[in-house]
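Below is one structure, written out as structure tokens; comments come after it.
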Amino acid sequence: AQSVTQLGSHVSVSEGALVLLRCNYSSSVPPYLFWYVQYPNQGLQLLLKYTSAATLVKGINGFEAEFKKSETSFHLTKPSAHMSDAAEYFCAVRGYSTLTFGKGTMLLVSP
Amino acid sequence: SAVISQKPSRDICQRGTSLTIQCQVDSQVTMMFWYRQQPGQSLTLIATANQGSEATYESGFVIDKFPISRPNLTFSTLTMSNLSPEDSSIYLCSVRTSPGSSNEQFFGPGTRLTVL
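Chain order of the listed sequences is C and W.
Counting from 1, one number per residue, gives the positions in the first sequence under our numbering.
Counting from 1001, one number per residue, gives the positions in the second sequence under our numbering.
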């Protein structure tokens, strides 16, 4: 069995501030972990993925995430938020075959 | 990568009717999936569409309500029958280009369904 918990349904930051979106997972096998972004009225776009090659993963648009096995976490960060980062972010885990999503975190960026 | 298109992009249906959503991929893919995203909720896997055989449904979803076809490696349909307002949701087609668990899934733009 596998599951994902995203802390905070909404996160608000000012433009230029640090972005931190939290994700904790549960998996009975070594997991593969993904972060997706969904802009309004669009499908999901992959930001980055962890596949056991390196614990710190860099993705598109300046985002990165660190896999911490001891904490079962895969938090998403970006040093400096931009207005265009405003969107909904989903963390997902895959154990054997199916992809399980968290409930999503809406990132709000204010000028 | 894979480019996925869905038809229709949105629809409004009456209670008790049916709707079929089409998913077309620009390349042959090994795995196709259908997800539901209810308002303010996460994505829930409905089923895996298997080419040439019956789809594999997740708990809580049944073939009579959500019949799925996948006649080839680039196309699938999801039909939703006997619609009720509770079926109002966004339905997303997703594909994986190769079966390995580390491989990413690509998502279509979604079909926004409103049932009155």
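Backbone N, C-alpha and C define an ideal beta-carbon position, used for all residues, glycine too.
| Asked | Found |
| --- | --- |
| Interface residues of the stretch 1040-1052 of chain W facing chain C [CB-CB below 7 Å] | 1041, 1042, 1043 and 1045 |
| Which listed residue (C:98, C:79 and C:90) has its alpha carbon closest to that of residue 16 (chain C) | C:79 |
| Bounding residues of the beta strand (DSSP E) (the contiguous stretch that carries residue 1007 (chain W)) | 1004-1007 |
| Alpha-carbon spacing of residue 1106 (chain W) relative to residue 1069 (chain W), whole angstroms | 19 Å |
| Any chain C beta carbon closer than 8 Å to residue 1110 (chain W) | yes |
| Beta-carbon proximity of residue 1021 (chain W) to residue 1035 (chain W), cut-off 8 Å | no |
| Cα-Cα separation between residue 70 (chain C) and residue 51 (chain C), rounded to whole angstroms | 16 Å |
| Short CB-CB distance (under 8 Å) between residue 1092 (chain W) and chain C | yes |
| Within-8 Å CB hit, residue 74 (chain C) to chain W | no |
| Three-state secondary structure (DSSP) of residue 1001 (chain W) | coil |
| Proximity of residue 18 (chain C) and residue 11 (chain C) at Cβ, strictly below 8 Å | no |
| The stretch 1037-1056 of chain W touching the stretch 1084-1092 of chain W, judged by at least three CB pairs closer than 8 Å | yes |
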